[in-house]
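Take the position in the sequence shown, starting the count at 1, then add 1; the result is the number in this note's numbering. Where is the CB? At the ideal position from N, CA and C, for every residue including glycine. Owing to the predicted nature of the structure, the values given are computational and were not obtained by experimental measurement. The structure appears right after this line, and notes come after that.
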Amino acid sequence: MEPIKPTPVCDVRCELGEGPIWLAESSAIAWVDISQRRIHVWDPIRETHKSIATGKMVGAIAPIGQYSLVAGLADEFASVNLHSGSIRTLVPIDDPAPTNRMNDGKCDSRGRFWAGTMSMTGTIGAGALYRLDPELIVTRVLDDVTISNGLGWSPDDRAIYYIDSPTQRIDAFDFDAETGRLSNRRTIVTVDEADGMPDGMTVDIEGYLWVAFWGGGCVRRFSPKGELSMTVKLPVTQVTSCTFGGDDLGDLYITTAAYRLPASDISSQPQAGKLFACRPGVAGLPPRAFAG
Ligand code: CA
């Protein structure tokens with residue numbers, strides 16, 4: 002079988018591209034540049050791009066209806082108007098560590114937005130995972146997190162997958178969709194440091210996980226039991242996250258970063274920071290919106 006080769010989607014080159022999300026109602030892909038404090042939106046049919054300055058570092062986004070996004074900004078949850086670019090605080094995060102910032106996030110089946118924090122000084126265990134309910138109540142769901150990253154749910158909604166990157170693990174919990182509670186944490190994949198660090202992820206309709214590997218130059222597909230089923234290689238090393246999009250949810254969009262790329266790698270990776278896409282032959286689950 003021919004290897005699947007992702008190609009750049011547009012000319013936008015992020016410093017720290019992350020958090021891609023398919024905006025089904027406008028048939029566009031949105032993603033963030035955390036360190037450059039921008040949200041990018043690309044319409045692959047019309048081939049149009051727009052970007053919104055967020056002021057603060059932006060870790061993750063999810064749709065609210067057709068015209069707005071919920072965003073995890075440095076120290077708050079906010080709403081972003083996609084037309085005007087205006088930003089409004091929804092709830093500040095009362096995080097005990099001032100050097101923490103919001104990082105990866107995603108919505109569950111009930112329209113809650115889950116997003117975690119990471120320590121910008123690398124302090125082990127200083128971060129947390131939060132859940133923003135549609136009523137704008139914030140719950141601290143997990144403590145002792147270092148770099149909160151990939152999130153995803155099984156198609157039957159009974160499991161949540163979670164990556165705290167420096168643990169080099171992909172973990173699963175039992176998920177109670179009614180209450181949003183997590184239990185029974187277990188590890189399904191342990192990653193060798195030579196393969197990079199597990200970062201963002203998505204889940205496909207067969208229940209398999211697609212995980213981006215920071216420093217590993219690839220996205221890997223794993224069964225729910227943790228068996229490796231496929232590797233999609235990229236021409237850049239810092240691969241950050243992925244999601245399915247397109248009207249048939251068959252396009253896999255992959256974000257990458259040029260951030261802190263060793264000087265020796267900058268000239269050999271001219272596409273670092275670009276958004277890539279490929280069609281791996283399986284579709285994703287429909288993207289979820291914030292119900293607030
Ligand atoms: Ca990340």
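Under the criterion of beta carbons closer than 8 Å, Asp95 and Thr118 do not qualify as touching, at roughly 11 Å. Distances from the alpha-carbon of Asp158 to those of Val204, Val283 and Pro7 put Val204 closest. In the DSSP annotation of this structure, the continuous segment of the beta strand (DSSP E) that includes Ser80 starts and ends at Glu77 to Asn82. Buried is the label assigned to Thr256, since at least 16 other Cβ atoms lie within 10 Å of its Cβ.
Following the DSSP letters along the chain, one finds Ile189 inside the beta strand (DSSP E) bounded by residues Arg182 to Thr191.
A distance below 7 Å separates the beta carbons of Arg132 and Thr140.
For Ser265, the uninterrupted alpha helix (DSSP H) segment begins and ends at Ala264 to Ile267. Contact between Ala278 and Ala258 does not hold, since their C-beta atoms are separated by about 17 Å, which reaches or exceeds 8 Å.
For secondary structure counted as the beta strand (DSSP E) over 3 or more consecutive residues, the region 100-180 holds these complete runs in sequence order: 101-108, 114-120, 128-133, 139-146, 149-154, 160-165 and 170-177.
With at least 16 other beta carbons inside 10 angstroms of its own, Ile22 counts as buried.
Assigned with DSSP and collapsed to three states, Glu194 falls in helix. Here Lys107 is buried. Its C-beta has 16 or more other C-beta atoms within 10 Å. Assignment of alpha helix (DSSP H) within the region 206-285, counting only whole runs of 4 or more residues, yields 264-267 in chain order. Ala292 sits in coil when the DSSP states are folded into three classes, being neither helix nor strand.
Taking the CA atoms as reference points, Asp44 sits about 36 Å from Asp175.
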